[in-house]
Amino acid sequence: MTNHNNRALSRALSIVASLYLASACTLMAAKSKPAPDLEQASTQQEDTNVAIVETPAYENPAVVSVPEQDVLEIEAVGIGVAPNESCSPAQAVALAKRAAIIDAYRHLGEQMYGIKLNANDTVQNMMLKNSSIKTKLNALIRGAKVRESACEQGICQVTMELRLDGRVWAKVLGI
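Shown next, in the form of C-alpha cells:
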C-alpha cells in the first residue's frame, strides 16, 4: 500500500508545483507591460529615451545576385543512346535524353571537382597483358540548366550550363 501512497503523493506534488508555476507566470505577465506598437513607440521616443532601430528585410542567400564579372560559367555536353528494348520510340527518346543529362552532369562534376583515377597495367614478357582504368567522381551540383538538346536516330546530345559565384569557388579551390 505504501507504493500506492507514494504515487498519490507524487501526483499531488506535481499538481501543486504546476499550479505554482502557472500562477507565477500569470503574475509576471500581469506586472510586465505589453510592448508598444511602432506608432506608439515613435511618439513616446522623447519621453523614454528609447531608440527605434529598423532592421532590413530578410534576403534569401540563394537569391542574392552576384556581379557579372564574378560569375563562373561552366558548360558540358552529354550524350545518351536509346536502349534497343524500350516499349515505344517516345520512351527510347526520353531514356536517351535522361542518359545525356546524367552524362552532362558527370562532365560538370569533373570540371568542378576533378576525378579520382586508378589505373593498373600488367606487363608480362615485356608485353602489356592487362590494363584497367577506373574513375570515381563525387560531386554536388545545383542549378545546372539544359541549354540545348537534340535527339536524332536514337542518340541525344544535351548541352548544360552552370553559373557559379566565382568568389566562393576561389575560396574553395584556394586560388
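Read left to right, the sequence shown gives residues -29 to -1, 1 to 146 (mature numbering (1 follows the signal peptide of the UniProt record, and there is no 0)).
Where is the CB? At the ideal position from N, CA and C, for every residue including glycine.
As the structure is a prediction and not an experimental result, all values here were calculated from the model.
### Cα-Cα separation between V35 and L135, rounded to whole angstroms
With a pLDDT of only 49 at V35, under the threshold of 50, the placement of this residue in the model should not be trusted; the figure read from the coordinates follows. Rounded to the nearest angstrom, the two C-alpha atoms are 12 Å apart.
### Message
What does the alpha-carbon distance come out to for the pair L133 and E56?
### Response
Cα atoms of L133 and E56: separation of roughly 33 Å, rounded to the nearest angstrom.
### Query
So, is D41 buried or exposed, given that buried needs 16 or more other C-beta atoms within 10 angstroms?
An exposed status is given to D41, since fewer than 16 other beta-carbon atoms sit within 10 Å of its beta-carbon.
### First through last residue of the beta strand (DSSP E) which encompasses Q95
Unbroken beta strand (DSSP E) run through Q95: 87 to 95.
### Query
Is the Cβ-Cβ distance between L108 and E81 less than 8 Å?
Inclusion of L108 and E81 in the CB contact set at 8 Å is warranted, their separation being smaller than that value.
### Query
alpha helix (DSSP H) containing L66: first to last residue?
That run of the alpha helix (DSSP H) goes 60 to 84.
### Message
Measuring straight from C-alpha to C-alpha, what distance separates E17 and Y84?
### Response
Annotation note: pLDDT 48 at E17 (below 50); position unreliable, no value reported.
### Query
For M97, is the classification buried or exposed, using 16 other Cβ atoms within 10 angstroms of its Cβ as the cut-off for buried?
With fewer than 16 other Cβ atoms within 10 Å, it is exposed.
### Query
Do Q128 and A65 have their C-beta atoms within less than 8 Å of each other?
At the C-beta level, Q128 and A65 stay beyond 8 Å of one another.
### Query
Where does R118 sit, in a helix, a strand or coil, going by DSSP?
Strand.
### Task
With DSSP as the reference, please indicate the residues paired to L111 in a beta bridge.
Bridge pairing for L111: absent [DSSP].
### Query
Would a check of beta-carbon distances place P54 closer than 8 Å to chain D?
Among the protein chains of the structure shown there is no chain D, as only one such chain exists.
### Assigned exposure category for K68 - 16 Cβ within 10 Å defines buried
The residue in question, K68, is buried, as its Cβ has 16 or more Cβ neighbours within 10 Å.
### Task
Use the C-beta contact count for V139: other C-beta atoms within 10 angstroms, 16 or more gives buried, fewer gives exposed.
Classification for V139: exposed.
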